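Start counting the sequence shown at 15; every next residue gets the next number (this note's numbering). Below is one structure, written out as structure tokens; comments come after it.
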Amino acid sequence: MIKVYVSFFLFLLAGSISESFAQAALQQTETTTHGPLAGASPEVAGTSGPAADPPEKRINLIPVPVNMEAGEGVFKLDSVTPILIDPNNANLKDLAALFSEMIALPTGYSFPVSAPGKVEGGKGIYLALNDVRDQLIGEEGYRLEASPAKVSIHANEAAGLFYGMQTLMQLLPAEIAARRHVKGVHWEIPSVLITDFPRFEWRGLMLDVSRHFFPVPFVKKYIDQLAKYKMNVFHWHLTDDQGWRIEIKSLPKLTSVGAWRVPRTGLWWERDRPAPGELPSYGGYYSQEEIKEVVRYAEKRFVTVLPEIDVPGHSLAAIAAYPELACVEDTYYVNPGSRYYAEIDNSLCAGNEQVYQFLDKVLTEVAQLFPGKYIHIGGDEAYKGFWRKCPKCQRKMQAEGLSNVNQLQSYFIKRAEKILHAKGKRLIGWDEILEGGLAPEATVMSWRGMEGGIKAAKMGHHVIMTPNSHCYLDLYQGDPAAEPPTYSMLRLTDSYIFNPVPDGVNPEMILGGQGNLWTESVPNGRHAEYMTWPRGLALAEVFWSQQERRNWADFIRRMEVHFNRFDAAEINYSRSAYDPIVTPKWGPDKKEMLITLSTEIPGTDIFYTFDGTWPDKFLDQYMGEPLSPPKDADTFRVTTYKDGKKVGKTISFKIPELYGKLPAPM
């Protein structure tokens with residue numbers, strides 16, 4: 015579901031980043047010139063040793079905790095370090111086993127699980143639930159204490175212990191993220207006292223698997239990463255015009271037909287439509303057993319899986335399988351990325367009772383597969399033109415006293431909510447479900463800015479804030495000249511400055527927020543990682559950390575350390591935040607162009623050329639004054655360095671191309 019009506023104003027504004035906001039200098043990272051997917055990971059080497067930095071500089075946690083006091087000395091892991099728990103608590107046994115599994119492979123140690131009283135000298139890692147509830151930290155908070163003698167994590171609930179474990183993992187050297195044994199590492203935990211708990215209860219990432227199918231191993235890897243950064247919701251966008259990805263046993267054509275489309279490449283919305291007789295071969299779906307497997311995997315990591323069945327719009331895959339669900343019964347094809355909007359009916363017929371029977375069958379099986387209390391039913395971008403012409407829809411409107419098609423959509427959503435209530439589930443929908451009247455107990459996911467969320471909150475409905483201006487991870491994160499093709503702009507800074515609670519809104523109505531990765535332009539897992547990280551790190555801190563604890567300069571310092579962890583884990587993250595930002599503007603006489611250069615992270619040195627050569631640190635350095643292209647210059651190139659080492663991509667522009675970015679002179 016690309017949000018086709020997103021304004022391109024984000025792209026136009028993206029070159030202007032507040033220098034007072036971004037003040038961190040960058041250290042060396044590996045970069046790629048012109049490569050669309052920067053950041054291929056090098057072989058993990060055991061380079062960690064006894065740290066010379068002061069204690070506070072050795073601790074680089076994301077999200078930043080509520081309170082942290084660094085101490086002196088370190089706790090050393092070795093082959094006999096035990097994990098100590100109450101042996102009578104099954105939840106603690108599972109957590110200890112998971113923690114042991116996470117750290118055993120890179121360290122090469124086995125980490126026996128034992129009861130506290132059975133360890134001589136008391137040295138070990140203690141995981142304990144509080145006998146008396148700690149009111150400050152709540153259900154997901156924890157207290158962690160590390161000293162040379164022992165490490166302890168205390169929490170009220172198992173979820174808090176899990177998040178304390180993620181913090182403990184981040185206290186270890188970066189090589190702990192490797193998926194193989196790493197030799198020569200000093201596995202040390204700095205002494206520290208941490209008290210931590212989340213700001214919001216809803217901290218999520220969404221992955222669209224309809225536009226492109228992502229296999230189960232990648233889905234698990236994606237869940238692993240979001241859980242490491244204390245996110246707790248995986249929103250699984252399972253159905254759309256381009257593919258139906260969940261097995262519904264009572265409706266087998268949804269996957270035998272709806273899960274497959276003809277293969278196409280090229281720009282989304284510009285792809286050729288299916289030819290008559292062309293066989294669909296691109297796609298896939300998750301069996302119900304695979305769904306259960308993913309849900310179990312997520313539950314062990316305290317992640318709730320939120321399924322989305324997108325109706326009444328974005329339903330072409332379902333209509334291709336069962337054409338009688340449309341207003342106009344015809345032959346339909348799963349969309350391979352062609353432009354169909356308003357031309358071919360992709361909305362379920364809201365006047366057809368057979369549609370509600372279909373919806374009941376689908377949601378019955380979905381509700382049985384997903385134990386969470388919510389099911390997302392979409393509700394966005396439903397084209398209503400066919401409803402206006404449909405006799406069934408018109409009869410339904412007359413029978414229900416509905417005066418327009420927006421009210422007909424509201425009727426559809428309210429029917430869906432009743433179906434979900436009968437199955438013990440609650441409804442979430444995109445902010446379009448406000449149109450025509452909101453369902454009585456619906457939760458609104460606000461994507462078209464904050465306005466829909468503000469309106470819903472003031473009506474007494476819970477809201478999840480996910481505005482495209484801060485949370486859409488499919489948008490450009492650097493200059494389009496050096497990025498994979500997509501649309502609009504969302505820089506790292508834009509994500510980090512996000513505050514999910516608008517002024518004048520009761521904070522209790524805001525459950526939290528999430529990042530959304532739509533995948534029209536994201537065909538594989540490596541690209542999905544590139545688009546998610548590090549913007550996902552910024553959002554993780556937005557949703558967990560207290561507003562007053564967030565600081566851009568400190569976040570950048572910590573983020574760069576986490577890049578080493580991504581390298582160890584072979585995560586294909588983006589370094590686009592280091593890239594130069596090129597902003598052309600008219601000179602005072604409106605006849606010549608001036609070029610201003612900046613970086614998202616000030617403190618980076620910028621070098622450029624107009625003579626067709628490739629810039630490096632030995633050529634012209636940008637000193638802050640706007641540049642005027644020399645007469646007859648054909649090409650402008652720019653790159654970035656830090657501490658004498660290249661950190662950003664080299665970006666090339668033809669001079670006429672830069673003139674084309676300027677507004678028409680007044």
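All residues carry an ideal CB built from backbone N, CA and C; glycine is no exception. Keep in mind the model is a prediction, meaning the values are calculated, not measured.
The C-alpha of Glu449 is placed about 39 Å away from the C-alpha of Tyr177. Annotated three-state conformation of Leu422 is helix, per DSSP.
Annotation: the continuous alpha helix (DSSP H) that includes Ile117 extends over Ala104 to Thr121. Taken through DSSP and simplified to helix, strand or coil, Thr181 comes out as helix. Between Leu207 and Glu83, the gap from beta carbon to beta carbon is short of 7 Å. Residue environment analysis places Trp558 among the buried positions, since at least 16 neighbouring C-beta atoms fall within 10 angstroms of its C-beta.
For Tyr296, the CB contacts under 6 Å within the same chain, skipping 5 residues up- and downstream, are Arg275 and Pro277 in chain order.
Going by beta carbons, Ser509 and Leu553 fall inside the 7 Å limit.
Excluding five sequence positions before and after His226, the CB atoms of its chain that fall closer than 6 Å to its own CB belong to Thr533 and Pro537, given in chain order. If the five residues before and after Gly152 are omitted, its C-beta is found closer than 6 Å to the C-beta atoms of Phe211, all from its own chain and listed in chain order. In its chain, beyond the 5 residues on either side, Pro337 have a beta carbon closer than 7 Å to the beta carbon of Glu343. Thr507 is not a Cβ neighbour of Tyr592, given a cutoff of 7 Å. In the DSSP assignment, Glu414 falls within the alpha helix (DSSP H) that extends over Pro405 to Glu414. Annotation: the region 270-358 contains the following complete segments of the alpha helix (DSSP H) (minimum length 4 residues), in chain order: 302-314 and 330-335.
Taking all protein chains shown into account, Phe580 has 16 or more neighbouring C-beta atoms within 10 Å of its C-beta and is therefore buried. By a beta-carbon distance limit of 8 Å, Tyr156 does not contact Ile139. Their separation comes to about 13 Å. Linking Lys631 to Gly658 through their CA atoms gives a straight-line distance of about 7 Å. For Glu367, the uninterrupted alpha helix (DSSP H) run begins and ends at Glu367 to Leu383, by DSSP. The beta carbon of Ser424 sits closer than 6 Å to the beta carbons of Gly450 and Gly451 from its chain, once the five residues preceding and following it are set aside; these are given in chain order. With fewer than 16 other CB atoms across the displayed protein chains lying within 10 angstroms of its CB, Asn81 is exposed.
Counting the other CB atoms within 10 Å of its CB gives Met680 a total below 16, which places it among the exposed residues.
For the pair His249 and Asn530, the Cα-to-Cα distance works out to about 8 Å. A distance below 7 Å separates the beta carbons of Gln491 and Ser590.
Linking Lys663 to Tyr622 through their CA atoms gives a straight-line distance of about 12 Å. Counting every other CB atom within 10 Å of its CB across the protein chains shown gives Pro521 a total below 16, marking it as exposed. In the DSSP assignment, Thr613 falls outside any alpha helix (DSSP H) and lies within the beta strand (DSSP E) extending over Met607 to Thr613.
At a Cβ-Cβ threshold of 7 Å, Ile305 and Leu383 count as neighbours. In this structure, Arg572 lies near Ile76, with their beta-carbon atoms less than 7 Å apart. Boundaries of the alpha helix (DSSP H) harbouring Lys235: Val230 to Lys242, taken from the DSSP string.
For the 7 Å CB-CB criterion, Val369 and Leu362 form a contact.
Distance from the Cα of Gly365 is smallest, within the candidate group Glu86, Gln412, Phe125 and Ile609, for Gln412. Between His200 and Pro120, the beta carbon gap of about 13 Å keeps them out of contact (Cβ cut-off 8 Å). Excluding five sequence positions before and after Arg285, the CB atoms of its chain that fall closer than 6 Å to its own CB belong to Arg278, Pro350, Gly351 and Ser352, given in chain order.
Looking at the DSSP output, Thr649 shares a beta bridge with Asp625 and Lys668. Between Ser161 and Tyr123, the C-beta spacing is not below 7 Å. For Val165, the enclosing beta strand (DSSP E) stretches over residues Val165 to Ala169.
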